[in-house]
Each structure stands twice: as structure tokens, then as C-alpha cells.
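Colleague: What the sequence shown shows, in the working numbering, is residues 16 to 639, in sequence order. This structure is in C-alpha cells; I'll ask about it shortly.
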Amino acid sequence: DFVPFFYTPGYPALLALLAKLGFGLSFGLARGVSILGTAITLGLLFRIGQREAGWRYGALAAGIYAALFRTNGAFYDLARPDAVFMAILVGAVYVARYRPSLWGAAAAGALFALGFFTKQTVSVFVPATALALFLERGWRPAALLTGVAVGLSAAGIWALNRAHDGWFWTYIFQGHQGHLFYWKNILMEYWRDVLFLAPALLLVPLLWFGHRVPVRILSILLAAHWTYAFVFRARTLDYVPHMYYRELWYEAPRWQILVPPALIAVLLAAHRWRNPVGRLTIRTQPFWLLMFVAGAGASGLNHSTQWAYSNCFMLLSAFGAILIALASRDLMEGTSASRPRWGALVPAALLVQFVAWAYSPAVQTPDDGDRQALARLHARLAQVDGKVFFPAHPFTAYQRDGVVHVHQMGIQDVAFMKGGVKDLAPRLRQGEWGAVVVDEQNRVPGVMGPYYLAERLHYPTAQALRTRTGFLVRPAELWVRQDPAPRPLGPGVSANFEDGAWVGWRTEGAAFGASPSKARRHGMQGHALAQAQGPAQGRLISDPVPAEGAALSLLVGGRGGRTGLRVRQGDAVIAQWPHRSHRGDLTRVRLALPAAAMGQPVTLELYDDDPKGDLWVDDLRWTD
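This is the structure in C-alpha cells:
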């Protein structure tokens, strides 16, 4: 099913086919396909540079794209369609360029259609490639390429839309149209980000463009716009670290991010000063300028769309790598009649850029903390009775239960369209899953009520089990299917107050009443809870119970002050949690205990000393 993202289904369909052929559906298979796609892209970039300028420039083109791995979000080897899409796209451009027959134009059109069914962004390159063919070879190959690409894409859309009762078009087009488009990004912030993350992608083509298209005002306007982008960033160095900048090894102190673009600009400006327009012989064909413009435009559109990530730069990176390689040949070699002056400034500028792109592969490598956290998560999920709904990481649910379900992005995308996943809420109400795991910064509509927040997952470090690219989150909450059965916290002491009486607890004062409350509160577990409400004040005190964990976890909510919970060991208070929230919903909190208390008897005390305060407590449990 292609519901998880608003992409066309080519990549998951390929994985499904390979799985049916006996390869077995796994992350290894998915990433292997992506790695193969990236290898094909690198091979095509090398071959293009080799055919146009020689093997050294082919190696430069492939090397630039490879060096941009981290800048492009490390998406070259992920279980996503991007790598396969790039291979198909560059392959289509390669065929259009180097197969000058009408058959070649038709084959390129077919590859563009195949690329469309992998990721819709290919649509930007069809008119650009058709224009390039029209300028070089006339209208017939341009029309044939366009007709085949559009015709096959339209036929495929019609067939799939018909087979899926109209939902195919809803997802691949109407869903995307529901995303916000940020004009400030494509007008300024996109160019600012490229200028600071990969300045060579803009500045080397700009230097070459001034010689290839000697209309001075165009180069001046581009230079002025990018200079303003530089100044804009320089004046806002107090920015909150953004996902695009966090992997720069020189990001702190902040002023250092100004150095690479400034140094590259100075080197290339010196080259331009020593080589006025008309002195160099430009051999690179306009075809590659059009592809660069298409790549820059497509990346800009992606960057400016809601929920964009740094994989948006992959299109600019690939076709920028080609143009930089070919432009370097023009700017360095010239001809025997007109040798460039100070040609070494170009490789010097590229060397600065490659140094700036350096990064540590350890950033992408799981460590012992990650592996331990994953083992603990799997051990916790093994305790769940029934299937697990894990929307942020549905493949984990597939590995555990053998069932595929919707991805978190599918939930959020249709929610943004003012809708909801059709059958999610009813299935949650029916308790289809034993537990629901929710990641940081995510929410699952309809989970509260049929499920309760059983645990906030605790990690040893801030980065343990956090994703290394994309949405930088990790599993945060475990919601468990409601079960009103009584559960003990320890011998003779109720943990969830479902017994109908204060089992293992005693009251002081009238605040907590004669028995647990049956009042319904959002977030409660089961049918009963401890409630202190109204002007009465008092205590609810447990019998001594062994502390069987490093912390006490509980559901708590309330209003007002001077209410909360204390943990006592003898007469000493070893931990306490004064309630400060003014929310009526119960939420999960974790109260750490001293290491010396482990295994020792402790007494829990709920207190309400505020005549205007309310307190609700439920589902106490020991945890790590």
C-alpha cells in the first residue's frame, strides 16, 4: 500500500515484487535497492562527465554527488523512493542526450513516465528536456518525448485511479496540493540554504554562466540576490540550529558558516577578474544548463513545500555536479588559443568546498546505547498481549506481527486535508491492538479512551534510539488497551484502584472519599481512580510496599496547588512530586527514586492540602 506518503507507488511495488520472488521483505532488501539506485546514478554521472569532457571530469561529477551524501539528508541508502527515482531520472536524461534518434526520444519519454510512478517530481524535467531537444534537434524528438511521457503517465494514472475507486489521484495529487507552499522559501530561504550548505553548487555555475551567456545584467542580478542571501544569514546568526545546518562540522561558533561561501566567492571572483568575458572558449552545451535550471527549480519547489527535508537538494546536487564538472573544464583548460589565467583558482575553490562537506560517518552509525535501547523496547513490546500499532515505525509492527498498517505521515497528511484515516478510530475503539506506540511530536487521533498512557519511554541519553535523518524523533509513549482488571503495585496494595475499595490504602481526612471514584477523566486507566476534589482536604496513604524499580510511574492530573504525591522511607521523604499543572486530563509522569531505595519498603502518600485544588491519580507502577 502506498498510503504512508503522497508518492506514487513504484518503489514499494518494486520491493513487493522482489519479496514475492523470494528475497524476503526487509530493510536489507529496501536499502539494497536504494544503494543500487545510487550506484547507478553515480555511474551515469561519471559516464556523462567522461563523454562530455573526459574521465577526470566524470570522476569529479560523481565525486561531487557522493560528497553531498550528508547534505542531502543521507537519503542515498534509505528505504525510500529517492535513490531509485534519481537513477531513473538521470537515466532518462542520459538517453535523451546520447540517443539522438526518435527511438531514443521515445525511450527517454518512457523512462520519464517510469520515474513519475516513482516520484512525481520528474514532471519538472519533461518540459526542460523537451525544450533542450527542440533547440538541438527540432520539434519531432521534443514532441515524441513529451507525448510518450505524458501519454504513458496519463494512461497509468487512469488505470490505477480506476482500480482504486478514485483514491490514487486523491493521494498523488490532491493530497500534495493540500500541503502549504512557502513563497518566502523559494524567493529567499532556499537560495540562502544552498549558499551556505553547498556554495559551489551556485557560485561555480554563476561564474561559468557569465561567460556562456554574456548578458551582464543576468549575472549581476543573480550575484546581487545571492549576496543579499549571504548578508541575510550573516545578520541572523542567532538562529535556532536548523536540520539543514546541524551536520556542518564548523557550525559552532556560528560565524564560521560564513567562511566557505565567502572564500569560494573570493577565489572565483579573482578568476573572473583575470578572465573577462570573451576570453574563454566555452564548450559545454546549453543542454546541461537547462538541466541545471530544472534541478535548481525542482529542488526549490521541494524545499518550499510543507514538511520538506534536505533530500530536496538531491536534484540540484545531481545536475549541479554535472554542470560544475563541465564548467570546470571550460574555466580551467580553455583552448590552445585562449588559456585561462589563474585557472588553478577553480580547483582551489572546489577544494574548499570538499573540505566543508567533510563529515563523520559515525553520525549515521548506531552505538551501544541505541542497541540497548532497542533491545529494551523490543522486550517491552514482547509483554504486550496482542498486536502493536506503531504508526511512526510500521515496519517494526510488520516484523513483530506480520501485518502492515498505516504510517504516521499517512495519518498527518489526511488530517491536514481536514479528514482522517477511514477506519482508524473505530478500530481503536474496538481495541484491535494490544498497544499503541507514539513517537515524540506525534499524536494518534482517537487513542485516548480506548487506550491509556501506560508508560513514557525512558532513555539513557538524549540521542539513544533517535532517528539519524528525516524526522528526528524516537518512540516516546506506550498506550495500552484498557483493562479494568485489578492490578497490584505490591503485596496487598492496589495499583489501579479497580477493586472498588481502598485495598492496601487508608485515608486521612475526607478529600479522597470512602472508596475510589468512578468519575470519568480523560487519560484514566480502567473504570476507577483516586480522586480528591472539592473543598475537603486529606491524605491517601499506602501500606508499605517494596520499591521494585528505579522510578515510580503514574497517571496524574489536577488543578490548583498544594496537591501531589510523596514517597516515604520510614519518616523520610525520598521523592516527591508537587502537582503544578492546571489540566484536568491525566498524563504519565515518572518519579525517580534514590538507588538505595531499590527493593526496600516505601510508603506512598497522595495529599490534597488546597481547598480549591483537585487531584486525580491512577495506574501506579514501578519502572526502570
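Backbone N, C-alpha and C define an ideal beta-carbon position, used for all residues, glycine too. On a predicted model such as this, the values are computed, not experimentally measured, just so you know.
#1: Starting from TRP118, trace the alpha helix (DSSP H) both ways and give me its first and last residue.
#2: Please look up how many angstroms separate the CB atoms of GLY52 and VAL99, rounded, as I've assumed it's under 8 Å.
#3: I think TYR205 touches SER319, with their Cβ atoms under 8 Å apart; what is that distance to the nearest whole Å?
#4: What residues match up with VAL571 in a beta bridge as DSSP calls it?
#5: Output the boundary residues of the alpha helix (DSSP H) element that contains TYR243.
#6: Tell me where the alpha helix (DSSP H) around THR6 begins and ends.
#7: For the region 278-290 against the region 53-61, do three or more pairs of beta-carbon atoms, one drawn from each stretch, fall closer than 8 Å, so that the two count as touching?
#8: Straight-line CA distance for GLY585 to PHE527?
#9: Only counting the same chain, and skipping five residues up and downstream in sequence, which positions put a Cβ closer than 6 Å to that of LEU504?
#10: Going by alpha carbons, who is nearest to VAL370 out of HIS240, LEU212 and HIS422?
#11: Do ALA313 and VAL165 count as a contact pair if the criterion is CB distance below 9 Å?
#12: Specify the secondary structure class of PHE527 as computed by DSSP and reduced to three states.
#13: Can you list, in chain order, the residues of its chain with a C-beta nearer than 6 Å to that of ALA45? Leave out the 5 residues immediately preceding and following it.
#14: Going by C-alpha distance, which of ARG354, VAL419, PRO475 and LYS627 is nearest ALA390?
#15: Look up LEU544 in the DSSP assignment and give the residues it is bridged to.
#16: Would you give the residue range spanned by the alpha helix (DSSP H) that VAL219 belongs to?
#17: In whole angstroms, what is the alpha-carbon distance linking GLY43 and ILE50?
#18: Can you give the beta carbon distance from VAL163 to ALA215, rounded, assuming they're within the 8 Å contact cut?
#19: Once the 5 residues before and after THR638 are set aside, which same chain residues still bring their CB inside 6 Å of it?
#20: Tell me the rounded alpha-carbon separation between PRO229 and GLY293.
#21: Looking at VAL617: is its Cβ nearer than 9 Å to the Cβ of ALA562?
#22: In the structure shown, what three-state DSSP assignment does TYR413 receive?
#23: Closer than 6 Å by C-beta to ALA123: which residues in its own chain qualify, once you throw out the five before and the five after it? Chain order, please.
#24: How big is the Cα-Cα spacing for ALA611 and GLN456?
#25: Assuming the contact rule is C-beta atoms closer than 8 Å, GLY446 and LYS402 should be a hit. Round their C-beta distance to whole Å, please.
#26: Among ASP454, TRP270 and GLU620, which has the Cα closest to the Cα of GLY524?
#27: Grouping DSSP H, G and I as helix and E and B as strand, with all else coil, what is TYR259?
#28: Along the chain, where does the beta strand (DSSP E) that runs through PRO301 open and close?
#29: Using the Cα positions of TRP173 and TYR186, report the straight-line distance between them to the nearest angstrom.
#30: DSSP three-state call for GLN456: helix, strand or coil?
#31: Which of the three DSSP states, helix, strand or coil, is assigned to PHE21?
#32: When you compare the region 331-341 with the region 185-200, are there three or more beta-carbon pairs, one atom per stretch, that lie closer than 8 Å?
#33: Which complete alpha helix (DSSP H) runs does the region 179-219 hold, if anything under 4 residues is left out?
#34: Three-state secondary structure (DSSP) at GLY505?
#35: Hey, would you say GLN591 sits closer than 9 Å to LEU606, going by beta carbons?
#36: Mapping DSSP to helix, strand and coil, what is ALA500?
Modeller: So, from the listed chains and residues:
#1: Along the sequence shown, one-based indexing puts residue 118 at 103. According to the DSSP assignment, TRP118 belongs to the alpha helix (DSSP H) that extends over 117-131.
#2: By 1-based counting over the sequence shown, the position of residue 52 is 37. By 1-based counting over the sequence shown, the position of residue 99 is 84. 4 Å between Cβ atoms; contact.
#3: Counting from one through the sequence shown, the residue named residue 205 turns up at place 190. Counting from one through the sequence shown, the residue named residue 319 turns up at place 304. A Cβ-Cβ separation of about 6 Å places TYR205 in contact with SER319 under the 8 Å criterion.
#4: If you number the sequence shown from 1, residue 571 lands on position 556. For VAL571, which the question treats as bridged, DSSP gives the partners THR602 and VAL632.
#5: Counting from 1 along the sequence shown, the entry for residue 243 is found at position 228. Note, TYR243: alpha helix (DSSP H), 231-249.
#6: No statement about residue 6 is possible, as the shown extent of the chain runs from 16 to 639 and does not include it.
#7: Verdict: no, contact absent.
#8: Here residue 585 is taken as the residue at index 570 of the sequence shown, counted from 1. Here residue 527 is taken as the residue at index 512 of the sequence shown, counted from 1. Taking the straight line joining both Cα atoms gives about 23 Å.
#9: In the sequence shown, counting from the first residue as 1, residue 504 sits at position 489. Excluding sequence positions up to five before and after LEU504, its CB lies within less than 6 Å of the CB of ALA510, VAL560 and LEU635, all in the same chain and listed in chain order.
#10: Position 355 of the sequence shown holds residue 370. Relative to VAL370, the option among HIS240, LEU212 and HIS422 whose CA is nearest is LEU212.
#11: Within the sequence shown, residue 165 is the residue found at index 150, counting from 1. Within the sequence shown, residue 313 is the residue found at index 298, counting from 1. No.
#12: Counting from 1 along the sequence shown, the entry for residue 527 is found at position 512. Three-state result, PHE527: coil.
#13: For the purposes of this step, residue 45 is identified with residue 30 of the sequence shown, where counting begins at 1. LEU30 and ALA94.
#14: To locate residue 390, count along the sequence shown from 1; it is residue 375. That would be PRO475, whose Cα lies nearest to the Cα of ALA390.
#15: As a position in the sequence shown, residue 544 is number 529, starting the count at 1. Beta-bridge annotation (DSSP): LEU544 is paired with SER532.
#16: Translated into positions along the sequence shown, residue 219 becomes position 204. Element bounds for VAL219: 215-227.
#17: Sequence index remark: in the sequence shown, residue 43 carries index 28 (1-based). Sequence index remark: in the sequence shown, residue 50 carries index 35 (1-based). A straight line joining the alpha-carbon of GLY43 with that of ILE50 spans about 10 Å.
#18: Walking along the sequence shown from the start, residue 163 turns up at place 148. Walking along the sequence shown from the start, residue 215 turns up at place 200. The beta-carbon separation of VAL163 and ALA215, rounded to 35 Å, does not stay under the 8 Å limit for a contact.
#19: By 1-based counting over the sequence shown, the position of residue 638 is 623. Once the five neighbours on either side are set aside, the close Cβ partners of THR638 are GLY564, ALA566 and SER568.
#20: Position 214 of the sequence shown holds residue 229. Position 278 of the sequence shown holds residue 293. About 8 Å.
#21: For the purposes of this step, residue 617 is identified with residue 602 of the sequence shown, where counting begins at 1. For the purposes of this step, residue 562 is identified with residue 547 of the sequence shown, where counting begins at 1. Closer than 9 Å, so yes.
#22: Here residue 413 is taken as the residue at index 398 of the sequence shown, counted from 1. In the structure shown, TYR413 falls within a helical segment according to DSSP collapsed to helix, strand and coil.
#23: Reading the sequence shown from its first residue, position 108 is the one you call residue 123. Only ALA107, VAL110, ALA111 and LEU160 meet the Cβ criterion.
#24: Position 596 of the sequence shown, counted from the start, is the residue given in the question as residue 611. Position 441 of the sequence shown, counted from the start, is the residue given in the question as residue 456. Between the C-alpha atoms of ALA611 and GLN456 there is a straight-line separation of about 35 Å.
#25: Working through the sequence shown from its first residue, we reach residue 446 at position 431. Working through the sequence shown from its first residue, we reach residue 402 at position 387. No, GLY446 and LYS402 are not in contact; Cβ-Cβ is about 10 Å, not under 8 Å.
#26: For the purposes of this step, residue 524 is identified with residue 509 of the sequence shown, where counting begins at 1. Looking at the Cα atoms, GLU620 is the closest of the given residues.
#27: Here residue 259 refers to the residue found at position 244 when the sequence shown is read from its first residue. Coil.
#28: For the purposes of this step, residue 301 is taken as the residue at position 286 of the sequence shown. First-last for PRO301: 301-318, but that is the alpha helix (DSSP H), not the beta strand (DSSP E).
#29: Against the sequence shown, residue 173 aligns to sequence position 158. Against the sequence shown, residue 186 aligns to sequence position 171. Answer to the nearest angstrom: the Cα atoms are 14 Å apart.
#30: Here residue 456 is taken as the residue at index 441 of the sequence shown, counted from 1. GLN456 carries a coil assignment under DSSP once its states are collapsed to helix, strand and coil.
#31: Taking the first residue of the sequence shown as position 1, residue 21 is located at position 6. DSSP places PHE21 in the coil class of the three-state scheme, outside both helix and strand.
#32: They do not touch, by the three-pair rule.
#33: Fully enclosed alpha helix (DSSP H) runs of 4 or longer: 205-212.
#34: Locating residue 505 in the sequence shown gives position 490, counting from the first residue. Three-state result, GLY505: strand.
#35: Taking the sequence shown and counting its residues from 1, one reaches residue 591 at position 576. Taking the sequence shown and counting its residues from 1, one reaches residue 606 at position 591. Note that the C-beta distance between GLN591 and LEU606 is below 9 Å.
#36: Along the sequence shown, one-based indexing puts residue 500 at 485. If DSSP states are grouped into helix, strand and coil, ALA500 belongs with coil.
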